[in-house]
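Student:
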Amino acid sequence: MAKPKIQMLGLCRFSYPGHLEAFNHDFQSDADLRAHLYDDDRIDQRFCFFEQLSIPSLTVQTDADFKLIVLAGDQMPDHQKARLLDICSKVPQIDVQFHPEGQKPRELCREVMIAGRDDTADVIGEFRLDDDDAVATEFIERSRKVISANMPMFKEREMLCVDFCRGYVVAFSPDWGVRAVQVTERLWTPGQVICRNPVDPSSLLDMNHTRVWLHMPVVSVPNRPMFLRGAHSMNDSNLLERVIKEGQGGKMRDRTAYRIKTRFNVQPPELKAAWRALTKP
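Last residue of the sequence shown: number 685 in my numbering, and the count goes up by one each step with no gaps.
#1: Excluding five sequence neighbours on each side, which residues of the same chain lie with their C-beta closer than 6 angstroms to the C-beta of Pro578?
#2: Taking contact to mean at least 3 C-beta pairs separated by less than 8 angstroms, is the segment 450-467 in contact with the segment 662-680?
#3: Between the segment 545-563 and the segment 501-515, do at least 3 Cβ pairs fall closer than 8 angstroms?
#4: Here's the rule: buried if 16 or more other CB atoms are within 10 angstroms of the residue's CB, otherwise exposed. What is Gly651?
#5: Going straight from the alpha carbon of Arg680 to that of Pro481, what length do you get?
#6: If you follow the alpha helix (DSSP H) that Met557 is in, where does it begin and where does it stop?
#7: Who are the Cβ neighbours of Gln501 in its own chain at under 8 angstroms, not counting the five residues just before and after it?
#8: If you count every other CB in all the chains shown that lies within 10 Å of the CB of Tyr420, and 16 or more means buried, which is it?
#9: Once DSSP output is grouped into helix, strand and coil, what is the label at Val587?
#10: If we count the other Cβ atoms within 10 Å of its Cβ and call it buried at 16 or more, is Ala519 buried or exposed?
#11: How about Ala538 and Ser606: do their beta carbons lie closer than 8 angstroms?
#12: Are there 16 or more other CB atoms within 10 angstroms of the CB of Met638, so buried, or fewer, so exposed?
#13: What's the gap between the Cα of Val464 and the Cα of Phe431?
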């Protein structure tokens with residue numbers, strides 16, 4: 405059997421001011437939303453997460469054949485645009501796109517993802533990262549292997565979800581610094597790859613990530629930690645509160661720090677120092 409041609413195509417939305425209805429906040433106008441998202445203190449945190457978590461994990465992928473679209477707003481202040489472009493220049497596979505603001509995120513993301521597809525591929529493996537996520541250094545390579553091994557299942561529905569369900573939550577607080585806990589959670593976005601036919605008119609945001617099992621086969625891969633997910637006060641999902649309430653998130657001890665460094669190319673001392681610099685009085 406011929407080896408399938410698989411395009412690994414990712415999306416990261418970086419503080420894009422979409423349609424007001426898309427946000428879990430009570431903003432009265434587009435200007436209010438823009439002021440919130442582009443506030444220098446807030447954006448400094450987002451850059452910290454992006455530069456310390458996402459970017460290092462992408463620079464050393466064992467399979468460098470992938471593309472990640474970083475979606476940002478066209479009215480982002482010039483100094484922030486320049487900083488974003490500079491950070492992303494470390495990863496040649498990143499395509500930074502500045503789009504008109506105020507669009508519905510689902511429709512815009514569908515548009516940019518479909519435009520980024522290779523129509524000669526047999527399968528499009530779509531993945532999604534927030535700017536405070538990271539993936540294991542073999543994420544792209546491992547995704548391709550799992551997809552290839554499950555091509556008969558993919559062909560039944562022309563869709564397939566690969567769910568890398570083991571990873572870490574890295575929690576941030578100005579009170580106690582940086583903590584980490586290993587988790588096993590189903591269908592979290594940083595560990596999820598949605599496989600589609602190149603001519604499929606839908607994309608990964610057209611479906612609730614927790615309910616993909618209603619529409620396609622799901623292959624769960626629990627054997628190795630494959631993602632890092634940031635937890636902090638800016639999470640819409642209240643992930644930080646959940647971690648604290650459940651008594652998780654101990655100090656990042658040597659063994660955990662070593663695994664995070666070796667599996668994700670994230671440097672815990674640098675991460676902690678960057679966070680301290682942001683939160684010091």
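Every residue gets a Cβ at the ideal spot worked out from N, C-alpha and C, and that includes glycine. These numbers come from a predicted model, not from an experiment.
Tutor: By the coordinates alone:
#1: Thr683
#2: yes
#3: no
#4: Residue placement at Gly651 cannot be trusted, given a pLDDT of 48 that sits under 50; what the coordinates show is reported in the next sentence. Classification of Gly651: exposed, given that the 10 Å Cβ count is below 16.
#5: 25 angstroms
#6: Met555 to Arg561
#7: Ile473, Val474, Leu475, Ala476 and Val516
#8: buried
#9: strand
#10: exposed
#11: no
#12: exposed
#13: 39 angstroms
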